[in-house]
Amino acid sequence: MITVFSRPRSLADVSTHYCPGCTHGIIHRLVAEAIDDFDVAERTIGVAPVGCAVLAYNYFNLDFQEAAHGRAPAVATGIKRALPDRIVFTYQGDGDLASIGTAEIVHAANRGEAITVIYVNNAIYGMTGGQMAPTTLEGQKTSTSPYGRDVSNAGYPIRMAELLATLNAPRYIARVAVNSPVHVQQAKKAIKRAFEVQIKENAFSLVEVLSTCPTNW
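Yeah, the sequence shown ends on 685 if you go by our numbering, and it's all consecutive.
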């Protein structure tokens, strides 16, 4: 019998700590599939964030480096410059990337660092209790905005994909979702393209993946 669907080689055969219904597992699989498709697992290095995906290094059969909160792009920059033949990616949430790590991602993108960024946006701080994040939508209720985000005092949600797309150096930036089979397939294509940009063009790429947080929404 021919196997038509199986676990990607780059994805570890372990249970994750993610909440039921969380889509980090789907996104992990798409990243692993892209790495397998290019057959670059042996020279790929991931950088794990602080946040829900802080234990991402347990779920991939890849070399991984942990980074301080928000500093994944800076760590990835150092790795890529020291080992330019490696494929380097960060896996970050919106609290990590769009709040404490805003400077790191903006300047890494502006320099055109040859890294790939997988940016998971669930619009809240999922790990620490569901507080309002820089990406929380206008009117969205969180544990620290129980009446909804009020833009008159909290400002508007930051649209990181649009912000980074204004820069000259990034080669590929996309926003996708994983809330349906069709969207999952679209996300897979975008993530694969993002790695292709690094592998073939030695350029910066980022994919923003809209994700759920069934525990804190």
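C-beta atoms are modelled at their ideal positions from N, C-alpha and C, and glycine is treated no differently. None of these values were measured; they are calculated from a predicted model.
N-terminal and C-terminal residue of the beta strand (DSSP E) that residue i is part of
i: S673; result: 673-678
Alpha carbon of residue i to alpha carbon of residue j, nearest angstrom
i: E669; j: P541; result: 19 Å
i: L678; j: T471; result: 30 Å
i: V522; j: A516; result: 6 Å
i: P625; j: R617; result: 9 Å
i: Y486; j: V665; result: 29 Å
i: N578; j: L631; result: 11 Å
i: Y587; j: Y640; result: 13 Å
i: Y527; j: L635; result: 33 Å
i: V585; j: V675; result: 6 Å
i: Q533; j: V619; result: 37 Å
i: G489; j: C681; result: 8 Å
i: I495; j: H575; result: 25 Å
i: T558; j: V650; result: 25 Å
i: A536; j: V518; result: 7 Å
i: L530; j: Y615; result: 43 Å
i: D553; j: R511; result: 8 Å
In DSSP terms, what residue i is bridged to
i: L479; result: F528
i: Y640; result: S673
i: G589; result: First, the residue type needs correcting, since residue 589 is Asn and not Gly in the sequence shown. Paired residues: L678.
i: Y559; result: I586
i: S613; result: T610
i: E534; result: A516
Range covered by the alpha helix (DSSP H) that runs through residue i
i: I659; result: 649-669
i: A622; result: 619-622
i: M628; result: 628-633
Beta-carbon gap between residue i and residue j smaller than 8 Å
i: A544; j: V556; result: yes
i: A622; j: S613; result: yes
i: F506; j: G580; result: no
i: T596; j: D562; result: no
i: M628; j: A566; result: yes
i: D504; j: G538; result: no
Residue i - DSSP class collapsed to helix/strand/coil
i: M600; result: strand
i: R554; result: coil
i: A571; result: helix
i: A509; result: helix
i: V499; result: helix
i: G493; result: helix
i: A544; result: helix
i: A521; result: coil
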